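The sequence shown stops at residue 233 when you use this note's numbering, and every number in between is there. Where is the CB? At the ideal position from N, CA and C, for every residue including glycine. Only a predicted model underlies this, so the values are computations on that prediction, with no experimental measurement involved.
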Amino acid sequence: MSKMRFLITILFGITTAAYAQKKEDALKDYVCNILPSLEGWCSREKALNFIDLVLEVKPNLCVEIGVFGGASLFPVASALKFLGKGIIVGIDPWERSENVKYYHPIEDHVDFKWWSTLDFNYIYDSYCMMLRRNGLGDCCVSIKSTSALAAAFLDNIDILYIDGNADEGITIQDVELYLPRVLSGGYIWINNALWPQRQKAIHLLADACDFVKAVDNGSCILFKKK
Ligand SMILES: C[S@@+](CC[C@H](N)C(=O)[O-])C[C@H]1O[C@@H](n2cnc3c(N)ncnc32)[C@H](O)[C@@H]1O
């Protein structure tokens, strides 16, 4: 190869990489600008980590347990749309009874009251509007049910996000039902990882997976299945 040809090849490579980086930066800016207007709990740090993982793995199937208003689903779905491949399945009953039944009305009165008075129709509508406004309908499938009922329909998961019911038994059940459905080498995020009621489930994950990283000061942990 002549010197000139070599230089042109290198320059072309640099320009292409810079262009790709610019497009990724634009995606991240877009997501982070919209994020604060969505119902739910997804920090900028978490959103950027979710996007980076999707861009790296190029998954066919992502699953989120516990969607709420879609704040955490939004970065993942936006990254899938950007890639032009893959879907995210969002599972949530969007139902008051499922959320309050594990809380004691007196011992857990703060959570009990918060979930009892929440307008789930409003939350679900805001989620649907988020999908529509951002053109994410094609890369997102929503299952309005508990995670336990939806599990049988899902397999070969590349990236799983566990952020559903806060009850200890349900969190363990989520790991037991869904971990076998994640591909070997696939990824599992678990949220609210510092809560006492998540610890047994995290031990189960740690037995079957390698720890990858923690974000949001340790409240969200990423594992990679062995
Ligand atoms: C903490 S919120 C999820 C927040 C959301 N991932 C976000 O980042 O904004 C927990 C959600 O889990 C849902 N949930 C409760 N019980 C569930 C169950 N058995 N299966 C699936 N989701 C459940 C609730 O309806 C609620 O929307």
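Looking at the unbroken beta strand (DSSP E) that takes in residue i, where does it start and where does it end?
| i | result |
| --- | --- |
| I195 | 189-198 |
| I5 | Nothing can be reported for residue 5, as the shown portion of the chain is limited to 8 through 233. |
Using DSSP's beta-bridge definition, name the partner residues of residue i.
| i | result |
| --- | --- |
| L167 | V70, I195 |
| V148 | V96 |
| C216 | K232 |
| A221 | I228 |
Whose CA, out of the options, lies closest to the CA of residue i?
| i | options | result |
| --- | --- | --- |
| A157 | G144, G171, C146, A78 | G171 |
| L302 | F119, I95, S154 | In the structure as shown, the chain starts at 8 and stops at 233, and residue 302 therefore has no counterpart that could be examined. |
| N199 | S50, K30, S44, T16 | S50 |
| D223 | Q206, A24, W196, I164 | W196 |
| I58 | F81, G91, E46 | F81 |
| A86 | N106, I72, V64 | V64 |
| G76 | N128, L190, K30, A159 | N128 |
| G73 | D118, N106, L184 | N106 |
| G193 | Q28, D214, T178, L229 | L229 |
| A159 | P187, R140, I17 | P187 |
| N163 | L190, F218, E175 | L190 |
| A215 | C39, V182, W122 | V182 |
| K232 | I166, G176, Q180 | I166 |
| A84 | S104, W122, L55 | L55 |
Go to residue i, then tell me how far its alpha helix (DSSP H) extends in each direction, as first and last residue.
| i | result |
| --- | --- |
| K92 | First-last for K92: undefined, no H or E at that position. |
| D118 | 116-123 |
| L62 | 51-64 |
| T23 | 10-41 |
| A155 | 154-157 |
| M128 | Sequence inspection shows Asn at residue 128; the Met mentioned does not correspond to that position. Its alpha helix (DSSP H) spans residues 127-140. |
| E175 | 175-185 |
Could you say if the segment 95-111 and the segment 150-157 meet the contact criterion of at least three C-beta pairs nearer than 8 angstroms?
Result yes; three or more Cβ-Cβ pairs closer than 8 angstroms.
Any chance the segment 208-217 sits against the segment 111-124, with 3 or more Cβ pairs inside 8 angstroms?
No, because fewer than three Cβ pairs between the segment 208-217 and the segment 111-124 fall closer than 8 angstroms, the two stretches do not touch.
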